[in-house]
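To keep things clear, I will list the structure first and then write my remarks on it.
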Amino acid sequence: MNLEQSLRSEIQKAVTALFNQSIDQLQIQPTNVEFEGSHTLVCFHLTKISKKKPEETAQVVGEYLQTHSGLVSKFNVVKGFLNLSISDAVWVKVFEAIYSDASFGNAKPLGKEIMVEYSSPNTNKPLHLGHLRNNFLGYSVAEIYKALGYTVHKVQIINDRGIHICKSMAAWKLFGKGETPESTGLKGDKLVGKYYVEFDKTYKAQCKELEEKGVTKEEAEKQAPIMKLAVQMLQQWEQKDLETLKLWSTMNGWVYAGFDATYTRMGVDFEKLYYESTTYLLGKDEVLRGVEQGVFFKKEDGSVWVDLTADGLDQKVLLRSDGTSVYMTQDIGTAILRFRDFPKIEGQVYTVGNEQEYHFKVLFLILGKLGYEWGKEVLSSFIRHG
99 MNLEQSLRSE
109 IQKAVTALFN
119 QSIDQLQIQP
129 TNVEFEGSHT
139 LVCFHLTKIS
149 KKKPEETAQV
159 VGEYLQTHSG
169 LVSKFNVVKG
179 FLNLSISDAV
189 WVKVFEAIYS
199 DASFGNAKPL
209 GKEIMVEYSS
219 PNTNKPLHLG
229 HLRNNFLGYS
239 VAEIYKALGY
249 TVHKVQIIND
259 RGIHICKSMA
269 AWKLFGKGET
279 PESTGLKGDK
289 LVGKYYVEFD
299 KTYKAQCKEL
309 EEKGVTKEEA
319 EKQAPIMKLA
329 VQMLQQWEQK
339 DLETLKLWST
349 MNGWVYAGFD
359 ATYTRMGVDF
369 EKLYYESTTY
379 LLGKDEVLRG
389 VEQGVFFKKE
399 DGSVWVDLTA
409 DGLDQKVLLR
419 SDGTSVYMTQ
429 DIGTAILRFR
439 DFPKIEGQVY
449 TVGNEQEYHF
459 KVLFLILGKL
469 GYEWGKEVLS
479 SFIRHG
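With positions in the sequence shown counted from 1, the corresponding number in my numbering is that position plus 98.
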């Protein structure tokens, strides 16, 4: 089934029925991402035969297609642009036609490699609904690349360090009484997530109790005993305290087993896993190298920043005043490490939410300033989803 050809035919029928004239040339283009729909009919040139304004022309054509065509389920009009949503039943037919094509998935190898990142969870709680969408979208894109003849490397970055991880660890240490996935019958990620919730519950109660004693809200949030324990565990982790590292490794192991069960059930897979606990170290080294080369600068408090005002953005922190890293630091290290591991890849595709677009613009600029030309040239692809 040729969807665009069928759509053109239905629009031509609509024009003939509505305006008693036929038209051979139709301008159809992909719908802009900010509007609903998949195909957009540009209606300005139709006004010559409709004798109506562009918006009115688009409206009547849209109404006709929605009523008389089995292709269009709904529409919206933006000035003289008619944005069309294709019905689910039609999309099913399109996919069936593609799948039944003997050549589908059998493209000749292109000799090109690409990397697709998706999932990328935190190890303090189970995968949630957003991860479901992210996994299916990223996995589908990877499979499409494979069908087109690419060698595809499926990867994820696991956020396995930081205060959020220590919150679950602190709550388990206080209230766990030695519980394990085996003793409770819970998936490991569910068990760790349970203690992340327990931390939040206890933390709020302790903050309320301190405030009732006259402590300010801001100070109570710092002085709550369970938060102080989590911060202490984070410091111990960074100092490589053996007992803290052992608990961190054990609880992360529970989570990984739970994640694996979920991924198996979903039918998605990965070639290589990257861990923030490793990549942030490389990121910190690169940031400090950037300071030495004058690419980045230090403020009086010791924090490290990059000035992107000349690029139309702003200043961004790369290392806090206490020397600890931020997400950008980790992403710098991750991107560099991946190109070292897979030097032949022509690009990395990131499956991220719309709100991450600015973050990645900053990342690409920073990599370019550090001398990694691929930061400007091939790290330009990322899948946005709301």
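Positions of the beta carbon are idealized from the N, C-alpha and C atoms, including for glycine.
Cutoff 9 Å: Trp335 Cβ touching any chain C Cβ: The structure shown contains no chain C; it is built from a single protein chain.
DSSP three-state label for Gln127, please. strand
Same chain only: Cβ atoms within 6 Å of Gly469, ignoring 5 sequence neighbours per side: none
I'd like to check one pair, Lys459 with Leu411: are the Cβ atoms closer than 9 Å? yes
Do the segment 389–401 and the segment 173–190 meet, that is, are 3 or more Cβ pairs less than 8 Å apart? no
Looking only at its chain, what residues have a beta carbon closer than 6 Å to the beta carbon of Tyr243, apart from the 5 residues adjacent to it on each side? Ile212, Val250
DSSP on Thr138, reduced to helix/strand/coil? strand
Close beta carbons around Ala328, own chain, < 8 Å, minus the five adjacent residues each side: Ile261, Cys264, Lys265, Met267, Ala268, Phe297
Could you give the distance in angstroms between the alpha-carbon of Val424 and the alpha-carbon of Val415? 8 Å
By the DSSP assignment, the beta strand (DSSP E) with Gly451 in it spans what residues? 443–451
Let me know if His483 comes out buried or exposed under the rule of 16 or more other beta-carbons within 10 Å of its beta-carbon. With a pLDDT of 46 at His483, under the threshold of 50, the modelled position of that residue is not reliable, and no figure is offered here.
Between the segment 294–312 and the segment 358–370, do three or more beta carbon pairs fall short of 8 Å? no
Lys306, enclosing alpha helix (DSSP H) - first and last residue: 286–310
Spatial distance of Glu153 from Leu371 (CA atoms): 51 Å
Hey, could you find the ends of the beta strand (DSSP E) Ile256 is sitting in? 249–256
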